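Asker: Residue numbers (UniProt numbering): 1 to 354.
Here it is: the structure, laid out below.
Structure representation (structure tokens):
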């Protein structure tokens with residue numbers, strides 16, 4: 001006999017110990033039919049963390065596409081149980097109703113209710129702990145590279161400035177067109193080297209130079225001609241999609257420009273000719289969102305954990321500092337940098353607090 005949806009033998013017994021523990025536990029708890037996984041009941045912590053009501057969940061399959069990112073982790077957990085594997089301590093991501101990704105440790109036990117096998121599942125949300133661990137590791141990486149960057153960067157930049165100055169003088173005095181072009185090329189290469197040093201030094205800063213109020217739409221629109229030129233050189237297109245109202249953001253203009261330029265350049269380099277990169281703005285009650293969406297083939301799952309590491313790159317002749325710098329600039333602005341990737345492309349979202 002199957003259990004009626006939304007009914008458990010203890011649900012009408014308000015003094016039942018199991019019922020009390022289940023409903024009031026600070027951990028997310030759910031009960032599922034086994035092995036199909038349909039929700040039979042969820043506790044108050046589940047509704048609080050995910051944003052879904054009991055009515056929206058009970059009777060539904062975890063794989064139902066109406067959920068923002070189906071609860072595939074639950075299905076995976078039940079599969080492990082079905083295979084007689086002990087999955088307790090299984091770590092996985094889950095998505096809330098408002099599309100926020102969170103991380104939990106999953107544990108569960110098979111029980112019999114009215115003669116039918118069910119699973120009582122408990123999830124310990126560790127999102128904040130994972131973020132703290134991420135921040136600690138990031139700070140360790142940046143602390144290491146900052147010593148290298150600060151020491152070597154300043155020592156190299158001084159002689160480069162001297163050499164560039166003499167080349168400019170020679171370039172102005174030269175009348176032979178061939179040699180003029182050669183001097184221009186040398187100056188361009190020195191500027192490229194200087195930009196690399198600037199990237200290194202930017203990783204040593206703990207705070208932005210200065211924050212000012214800007215209209216995000218006006219800021220992005222001013223950069224658009226340069227982005228169009230970058231795209232046209234690759235036979236690609238850049239499209240701008242703006243929110244209905246212009247959000248005001250507090251940013252360091254120079255730093256934030258570098259962040260956006262890095263993300264746009266990465267997106268263009270990930271695409272083939274004829275494809276489109278979309279720059280989109282949006283607002284939530286707590287944040288202003290800037291999204292850079294490409295139509296590339298996505299980031300391999302094995303690389304996702306490493307994309308913000310300094311010097312990690314899959315490109316030839318690239319230093320691998322771009323996303324490390326973007327993450328640092330985002331941190332300067334108390335913002336987060338999120339990535340969503342798949343076979344249809346990758347979206348980087350900068351979440352700036354109001």
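No residue lacks a Cβ here, since even glycine has one placed at the ideal position from N, Cα and C.
Values in this document were obtained by computation on a predicted structure and should not be read as measured data.
1. Report the option in 66, 121 and 232 whose CA atom is closest to the CA atom of residue 274.
2. Name the DSSP bridge partner or partners of residue 338?
3. Shortest alpha-carbon distance to residue 323 belongs to which of 289, 346, 262 and 176?
4. Given residue 215, which residues of its chain have a CB within under 7 Å of its CB, disregarding the five upstream and five downstream residues?
5. Which same chain residues, not among the five before or five after residue 3, have their C-beta less than 8 Å away from its C-beta?
6. Taking buried to mean at least 16 other C-beta atoms within 10 Å of its own C-beta, is residue 109 buried or exposed?
7. Grab me the residues of residue 265's own chain with a C-beta within less than 7 Å of its C-beta, minus the 5 sequence neighbours each way, in chain order.
8. For the beta strand (DSSP E) that contains residue 241, what are its first and last residues?
9. Determine the closest residue to residue 380 out of 25, 137 and 202, with distance taken between C-alpha atoms.
10. Which residue's Cα is closest to the Cα of residue 167: 153, 154 and 189?
11. Look up residue 221 in the DSSP assignment and say whether it is helix, strand or coil.
12. Can you list, in chain order, the residues of its chain whose CB lies under 8 Å from that of residue 226, leaving out five sequence neighbours each side?
13. Measure the alpha-carbon distance for residue 240 versus residue 97 and round it to whole angstroms.
14. Count Cβ pairs between the segment 151-167 and the segment 122-136 that sit closer than 8 Å; are there 3 or more?
15. For residue 299, which residues in the same chain have their Cβ closer than 8 Å to its Cβ, ignoring the five residues on either side in sequence?
16. What is the rounded straight-line gap between the Cα of residue 202 and the Cα of residue 331?
17. In the DSSP assignment, the alpha helix (DSSP H) including residue 293 goes from what residue to what residue?
Answerer: Checking against the coordinates, here is how it stands:
1. Each of 66, 121 and 232 was checked against the Cα of residue 274, and the nearest Cα belongs to 232.
2. Bridge partners of residue 338: 349.
3. Taking residue 323 as reference, the option from 289, 346, 262 and 176 with the minimal CA-CA separation is 262.
4. For residue 215, where only same-chain residues beyond five positions count, the Cβ hits under 7 Å are 246 and 248.
5. Unreliable positioning characterises residue 3 in this predicted model, as indicated by a pLDDT of 41, which lies under 50. The coordinate reading is nonetheless provided below. Once the five neighbours on either side are set aside, the close Cβ partners of residue 3 are 33, 40, 113, 114, 116 and 118.
6. It is exposed - the Cβ of residue 109 has fewer than 16 other Cβ atoms within 10 Å.
7. So the qualifying residues of the chain are 230.
8. Counting along the chain, residue 241 sits inside the beta strand (DSSP E) bounded by residues 237-241.
9. The chain is shown only over 1 to 354; residue 380 falls outside these bounds and no answer can be derived.
10. Out of 153, 154 and 189, 189 has the C-alpha closest to the C-alpha of residue 167.
11. DSSP places residue 221 in helix when its eight states are reduced to three.
12. Excluding residues within five positions, the ones whose Cβ falls inside 8 Å are 261.
13. A straight-line Cα-Cα distance of about 27 Å links residue 240 and residue 97.
14. At 8 Å Cβ cutoff, the stretches do not touch.
15. Excluding residues up to 5 positions away in sequence, 307, 339, 341 and 346 lie with their Cβ nearer than 8 Å to the Cβ of residue 299 in the same chain.
16. Distance between the alpha carbons of residue 202 and residue 331: 12 Å.
17. Per DSSP, residue 293 belongs to no alpha helix (DSSP H); it is in the beta strand (DSSP E), 287-293.
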